[in-house]
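**Q** Structure provided below as structure tokens; questions to follow.
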Amino acid sequence: MIFAALVILMLCLIIGVPVPVSFMASAACLIFFGGPEGGGYPASQLLPYGYQQMNSVPLIAIALFIAAGGIMERGKIGARLIDFVDVFVGHLHGGLGLVGIISCAIVGSICGAACATLSCVGSIMFPRFDKEGYPRGLAAALMANASLLGLLIPPNATLIIFAWISGQSVLACFLATVVPGFITIALLYIVNGWLLRGYGTRVMKEKSSRTFTDKVQLFQTRGKRALPALLLPVIVLGGIYGGIMTTTEASAMAVFYALIVGMFVYKRLDAKNSYQVLVESAVTTGVIMVMLYCVSMLSRLYLLEDLPGVLLEVFQGVSDNPMVIMLMINIFLVIMGMLMDDISVVVLTTPILMPIIMQLGFNPIHYAAIVGVNTGLGCITPPAAPVLYLSGRLGNAPIDEMMKPCLWFILLCWIPVLLVTVFFPKISLFLPHLFLDVPW
């Protein structure tokens, strides 16, 4: 019956049934027909289980980080950050792309979601790309890939949920993706520069001709305007990594500080805009919570059906080598990421794959970094690819013009980062070991 439940889940996802409904359809199959003798499972025990799983303080951080991202977008806080970053790297070859990459990393470290990061930064960057003559397909593909840095540069909702399900330290999971995140930044810039071979425009030449005095003046004027915005990631990240605040407290501080800056410093927010942001954030959070509730019950049913044991037998039937099995797990994660969003992938697969990871002897914090990179790769790989399609809409770029540069980013950036993360565990475990004494 577990096979039938998986087939129902895959079919529902492929034909476009909403993810929570797909989860419940698969769960219903097991509730009515699962169990050792096919008699099903009592729903009276599963429904309270879903509620108990949702009764978790760290999940509050997801709603608050979503709200912080919305406030940053409406309050034009991201625009000040982008102007400031442009002073340092805008004059380089492909510098505008690097401005977008770094800005996505900064904004992503606050709102923690790829689509929110893309909406905040992309709405500002795409007109600048057009002004500088960037090919629209390349600009949209670059911003889609750069927005996924929000899944690697912590904090982010995906790793909060992973830590919640797996019982690992949230901070350790955050630290595990930092180094892969910076490697991704470097590779995105290199690949973007390679795709822009021989490229040069009047705007870029004007930036290159800036004198040292011009740069100092720009630094002073833009730095002064950007200082309140720059303090936001400092407060959030410094509070978390300094042990001053928990992740939930830092998310609440991010919302409060962003509201103050947006309303009283930059004066782009009023009571009406703030209310709209909070309503939109509540709707988004509600969708996520419903999905988490549904998938909590589904994951419980999969465990009762011993799906981890079944998968391990399948993997070991191919090879007994743990690294080969890990590669198969990565392929499985990428395929799942092609069919659903990052949060759904983490919630559905973590309870199933975590016992396998532990049995094979892999470090769970190392696996957190692998999950972070895999979900990023899945978010830009069709047919689902929600970030890719959103970037195309924001940048007015046809999807066919985006696919070729996006393929290069996948081949030359995401796959190398994934392979390095998988085969060199110390890269992702370096910071958790340094700050939290997580074993190698």
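Numbering (this note's numbering), first residue to last: 11 to 450. Idealized CB from N, CA, C, for every residue including glycine.
Quick one: residues in its chain with C-beta nearer than 7 Å to the C-beta of Ile-170, no 5 flanking neighbours on either side, listed in chain order?
**A** Counting only Cβ-Cβ distances below 7 Å, and skipping sequence neighbours, we find Pro-68, Ala-71, Ile-72, Val-180, Thr-257.
**Q** Could you pull out every residue in the same chain whose Cβ sits closer than 7 Å to the Cβ of Leu-439, ignoring the five residues on either side in sequence?
**A** These residues qualify, in order along the chain: Ala-186, Asn-373, Ile-375, His-376, Val-448, Trp-450.
**Q** At the level of alpha carbons, what is the spacing between Met-287 and Ala-78?
**A** It is worth fixing the name first, because residue 287 is Val in this sequence and not Met. Each residue's Cα considered, the two are about 9 Å apart.
**Q** Looking at C-alpha atoms only, which residue of Gly-44, Tyr-51, Ala-150 is the closest neighbour of Met-412?
**A** Comparing Cα positions, the closest option is Ala-150.
**Q** For Met-273, collect the residues of the same chain with a Cβ closer than 8 Å to its Cβ; drop the 5 residues on either side in sequence, then sort them by chain order.
**A** The residues are Gly-85, Leu-279, Asp-280, Ser-284.
**Q** What are the boundary residues of the alpha helix (DSSP H) that Tyr-144 is part of?
**A** Looking at the DSSP string, Tyr-144 is not in any alpha helix (DSSP H), and its letter there is neither H nor E.
**Q** Taking the CB atoms as reference points, tell me whether Thr-348 and Thr-359 lie closer together than 9 Å.
**A** Reading the sequence as shown, one finds Met at residue 348 and not Thr. For Met-348 and Thr-359, no; Cβs fall outside 9 Å.
**Q** Taking the alpha carbon of Val-430 as the point to measure from, which residue in Val-383, Leu-400, Pro-332 has its own alpha carbon closest?
**A** Taking only the C-alpha atoms, the option nearest Val-430 is Val-383.
**Q** DSSP state of Tyr-312, grouped into three classes?
**A** Helix.
**Q** Here's the rule I'm using: 16 or more other beta-carbon atoms within 10 Å means buried, otherwise exposed. How should Pro-165 be labelled?
**A** With 16 or more Cβ atoms within 10 Å of its Cβ, Pro-165 is classed as buried.
**Q** Taking only runs of the alpha helix (DSSP H) that begin and end inside the region 114–194, which ones reach a length of at least 4 residues, in chain order?
**A** Within the region 114–194, the complete alpha helix (DSSP H) runs of at least 4 residues are 124–142, 146–157, 167–176, 180–186.
**Q** Runs of 4 residues minimum, wholly inside the region 327–371: which ones carry the alpha helix (DSSP H) assignment?
**A** Runs found: 332–349, 352–370.
**Q** Hey, which unbroken runs of the alpha helix (DSSP H) at 4 residues or more fall wholly within the region 215–285?
**A** Runs found: 222–251, 257–270.
**Q** Between which residues of its own chain and Ile-41 is the CB-CB distance below 6 Å, once the five residues before and five after are set aside?
**A** Cβ within range, chain order: Gly-50, Tyr-51, Ala-53.
**Q** Once DSSP output is grouped into helix, strand and coil, what is the label at Ala-10?
**A** Because the chain here runs from 11 to 450, residue 10 falls outside it and cannot be looked at.
**Q** When the Cβ atoms of the region 96–112 are set against those of the region 220–236, are three or more pairs found closer than 8 Å?
**A** The region 96–112 vs the region 220–236: in contact.
**Q** Three or more C-beta pairs closer than 8 Å, one from the region 17–31 and one from the region 350–364: is that the case here?
**A** Yes: the two stretches touch, three or more of their Cβ pairs being nearer than 8 Å.
**Q** Rank Leu-162, Tyr-251, Leu-322, Gln-62 by C-alpha distance to the C-alpha of Leu-302 and give the top, closest one.
**A** For Leu-302, the nearest C-alpha among the options comes from Gln-62.
**Q** Counting C-beta neighbours from all protein chains within 10 Å, is the total for Arg-207 16 or more, i.e. buried, or is it exposed?
**A** Burial call: exposed.
**Q** For Gln-55, does the count of other Cβ atoms within 10 angstroms reach 16, so buried, or fall short, so exposed?
**A** Classification for Gln-55: exposed.
**Q** Spatial neighbours of Gly-152 within its chain, please: CB distance less than 8 Å, with the 5 preceding and 5 following residues excluded, ordered by chain position.
**A** According to the sequence displayed, residue 152 carries Leu and not Gly. So the list reads Gly-107, Gly-110, Ile-111, Leu-198, Asn-202, Pro-415, Phe-419, once near-sequence residues are dropped.
**Q** Suppose contacts are defined by Cβ-Cβ distances below 9 Å. Is Ala-123 in contact with Ile-92 by that definition?
**A** Not a contact, by the Cβ cut-off of 9 Å.
**Q** Please identify the residue among Ser-401, Phe-192, Ala-89, Tyr-312 whose C-alpha is closest to the C-alpha of Gly-45.
**A** Looking at the Cα atoms, Tyr-312 is the closest of the given residues.
**Q** Nearest to Val-344 by CA position, among Ile-193, Thr-385, Val-334, is which residue?
**A** For the residues Ile-193, Thr-385, Val-334, the minimum Cα distance to Val-344 belongs to Thr-385.
**Q** What residue range does the alpha helix (DSSP H) around Asp-447 cover?
**A** No alpha helix (DSSP H) contains Asp-447, which DSSP labels as neither H nor E.
**Q** Less than 8 Å between the CB atoms is what I'm expecting for Ala-173 and Cys-183, so what's the real figure, rounded?
**A** So it is a contact: roughly 5 Å between Cβ atoms.
**Q** Under the rule that 16 or more other beta-carbon atoms within 10 Å means buried, what is Ile-175, buried or exposed?
**A** The residue in question, Ile-175, is buried, as its Cβ has 16 or more Cβ neighbours within 10 Å.
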